[in-house]
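Down below is the structure, laid out as C-alpha cells.
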Amino acid sequence: QTDTPAPEKEWRQSEEDRSKLDGLYECILCACCSTACPSYWWNSEKYLGPAALLQAYRWIEDSRDEMTGDRLDDLNDPFKLYRCHTIMNCAQVCPKDLNPAEAIAGIKRHLAEREA
34 QTDTPAPEKE WRQSEEDRSK LDGLYECILC ACCSTACPSY WWNSEKYLGP AALLQAYRWI
94 EDSRDEMTGD RLDDLNDPFK LYRCHTIMNC AQVCPKDLNP AEAIAGIKRH LAEREA
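Going by the working numbering, the sequence shown opens with residue 34, and the numbers climb by one from there.
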C-alpha cells in the first residue's frame, strides 16, 4: 500500500530491492507450514502462524510499500509474532521450499532495529 500517487507506467525497484522478495512471493498459501507448526496448534486463535507471517514479511520487505511502520506496529505483539520458536517444521514441509521461520526472524529483526 502507498499514499504516493501512482506513476504513469509502473513502480520501479532496484535489482537489490527486488531480490529481497525472492522466497517470499512464491507462497501458494497451502498452509502446510501452519499445520506443521506446534505453536500454531496450541495458539491458533492468537498466533498468526507461518503462512500469514511470511506474507506480512513479503510486504515489509517490499521497497514500494509505504505501510511498513503500520505493519510492524500491528505485529509487535507477544502472541501474533513471538510464538515462533524456530522449530523449522514450516520450512521442512513447504512444497515450494520456502522458509517461513527465516521470514519471521526478519520481522523480529525489523522490530528490534526500530526499538534500538
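In this text, a Cβ means the ideal position worked out from N, Cα and C, and glycines have one as well.
- request: Using a threshold of 8 Å, state whether the C-beta atoms of CYS117 and SER67 are closer than that.
  value: For the purposes of this step, residue 117 is taken as residue 84 along the sequence shown, with counting starting at 1. For the purposes of this step, residue 67 is taken as residue 34 along the sequence shown, with counting starting at 1. Not a contact, by the Cβ cut-off of 8 Å.
query: Is the segment 82-89 touching the segment 43-51, taking contact as three or more C-beta pairs under 8 Å?
result: Result no; under three Cβ-Cβ pairs closer than 8 Å.
message: Residues in the same chain with beta-carbon distance under 6 Å from ALA134, minus the five sequence neighbours each way, listed in chain order, please.
response: Within the sequence shown, numbered from 1, the residue matching residue 134 stands at position 101. Closer than 6 Å at Cβ, skipping near neighbours: THR119, MET121, CYS123, ALA124.
query: Going by alpha carbons, who is nearest to TRP52 out of ARG91, ASP103, ASN76?
result: Numbered from its first residue, the sequence shown carries residue 52 at position 19. Before going further, note that residue 52 is Ser rather than Trp in the sequence given. Answer by Cα proximity: ARG91.
message: Need the endpoints of the alpha helix (DSSP H) that HIS143 sits in, please.
response: On the sequence shown, residue 143 is found 110 positions in, with the first residue counted as 1. Counting along the chain, HIS143 sits inside the alpha helix (DSSP H) bounded by residues 133-148.
- prompt: For LEU131 versus GLU41, is the C-beta distance shorter than 8 Å?
  reply: Your numbering for residue 131 matches position 98 in the sequence shown. Your numbering for residue 41 matches position 8 in the sequence shown. It is not a contact, given that the beta carbons lie outside the stated cut-off.
- request: Select from PRO111, LEU108, LYS141, ASP98 the residue whose C-alpha is nearest the C-alpha of PRO38.
  value: In the sequence shown, the residue the question calls residue 38 occupies position 5. Nearest of PRO111, LEU108, LYS141, ASP98 to PRO38, Cα basis: ASP98.
Rounded C-alpha distance that separates CYS65 from VAL126: For the purposes of this step, residue 65 is taken as residue 32 along the sequence shown, with counting starting at 1. For the purposes of this step, residue 126 is taken as residue 93 along the sequence shown, with counting starting at 1. For CYS65 and VAL126, the distance between alpha carbons rounds to 6 Å.
query: Assuming LEU144 contacts GLU94 under a Cβ cut-off of 8 Å, what Cβ separation, rounded to an integer in Å, is found between them?
result: The count along the sequence shown starts at 1 and reaches residue 144 at position 111. The count along the sequence shown starts at 1 and reaches residue 94 at position 61. Actually they do not touch by this definition, with Cβ atoms about 14 Å apart.
Cβ separation of ILE137 and LEU114, assumed to be a contact under 8 Å, to the nearest whole Å: On the sequence shown, position 104 is the one that residue 137 refers to. On the sequence shown, position 81 is the one that residue 114 refers to. Between the beta-carbon of ILE137 and that of LEU114 there is about 7 Å, and that keeps the pair under the 8 Å contact cut.
- prompt: Which value, in whole angstroms, describes the spacing of the CA atoms of GLY82 and LYS141?
  reply: Here residue 82 refers to the residue found at position 49 when the sequence shown is read from its first residue. Here residue 141 refers to the residue found at position 108 when the sequence shown is read from its first residue. Their backbone Cα atoms lie some 14 Å apart in a straight line.
query: In whole angstroms, what separates the C-alpha of PHE112 from that of ARG147?
result: For this step, residue 112 is matched to residue 79 along the sequence shown. For this step, residue 147 is matched to residue 114 along the sequence shown. In a straight line, the C-alpha of PHE112 is about 19 Å away from that of ARG147.
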